[in-house]
Amino acid sequence: MKRSKIIGCTILFLALSVLPGIAATQALNVPQLTQDITKVEKQEVILTGTILGACASGCKIWLGENEYKKGDPFVLVWAKDDAFKFKTDATGAKVQLKGFAVGKYVDLCATEKKQQEGMKEGESCPKPANLDNQKEKQLQSITFFATDVEYL
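Quick note: to get this note's numbering, add 15 to the position in the sequence shown (first position is 1).
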């Protein structure tokens with residue numbers, strides 16, 4: 016009886032120590048998230064980067080990779096469900112965020128194409144069936160909803 020309790024406790028300890036490793040994902044930086052957004056969209060990920068700026072109330076930050084240069088990718092970050100506020104004086108600080116990303120895509124159905132297909136003004140193009148087809152969509156922006164923040 017005592018031996019089975021010890022074995023049971025050992026198995027439980029091992030399972031609990033392994034589970035966080037299974038649940039945690041590899042940390043992504045902003046350029047990696049931008050490149051892999053269709054693979055990780057709406058899935059829990061860890062995002063690392065540099066705070067480029069924060070709103071005065073601390074409700075959102077902009078995250079990039081090191082110092083921002085025009086054309087560099089960046090991500091708008093909100094605290095999911097307003098669960099916490101970001102530090103407003105942390106511009107330039109490195110952070111690690113846990114949460115999920117959502118991409119906003121540009122509709123590539125051009126006006127010329129609408130006219131060629133005989134569509135009337137104001138009529139919308141059909142949505143692409145396969146969102147993984149990069150020819151049918153273009154990433155416009157990424158919003159990250161953070162469930163946890165750690166200042167590094």
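Backbone N, C-alpha and C fix where the C-beta goes; we use that ideal spot for every residue, glycine too.
With H, G and I counted as helix, E and B as strand and the rest as coil, what does DSSP make of residue i?
| i | result |
| --- | --- |
| T106 | coil |
| L146 | Low local confidence applies: a pLDDT of 47 at L146 is under 50, so the model's placement there is unreliable, and no value is given. |
| L154 | strand |
Let's test the definition: count the other Cβ atoms within 10 Å of the Cβ of residue i and tell me whether it reaches 16, buried, or not, exposed.
| i | result |
| --- | --- |
| A161 | buried |
| F159 | buried |
| L78 | buried |
| F101 | buried |
| A98 | exposed |
| A71 | exposed |
| T49 | buried |
| P46 | exposed |
| V121 | exposed |
So residue i packs on residue j, CB below 8 Å; how close in whole Å?
| i | j | result |
| --- | --- | --- |
| N81 | T65 | 6 Å |
| E165 | Q111 | 5 Å |
| L86 | I76 | Residue 86 is actually Gly in this sequence, not Leu. So it is not a contact: roughly 20 Å between Cβ atoms. |
| L167 | G118 | Actually they do not touch by this definition, with Cβ atoms about 25 Å apart. |
| A105 | I157 | Actually they are not in contact, since the Cβ atoms of A105 and I157 sit about 20 Å apart, beyond 8 Å. |
| K113 | D163 | 4 Å |
Hey, is residue i close to the ligand ZN, as in C-beta under 7 Å from one of its heavy atoms?
| i | result |
| --- | --- |
| T158 | The ligand ZN is not part of this structure, which contains no ligands at all. |
So, is the C-beta of residue i closer than 8 Å to a C-beta in chain B?
| i | result |
| --- | --- |
| V45 | No chain B is part of this structure, which consists of one protein chain only. |
At which residue ranges does the region 35-123 contain complete beta strand (DSSP E) runs of 3 or more residues, listed in the order of the chain? 42-44, 59-69, 75-79, 90-94, 109-122
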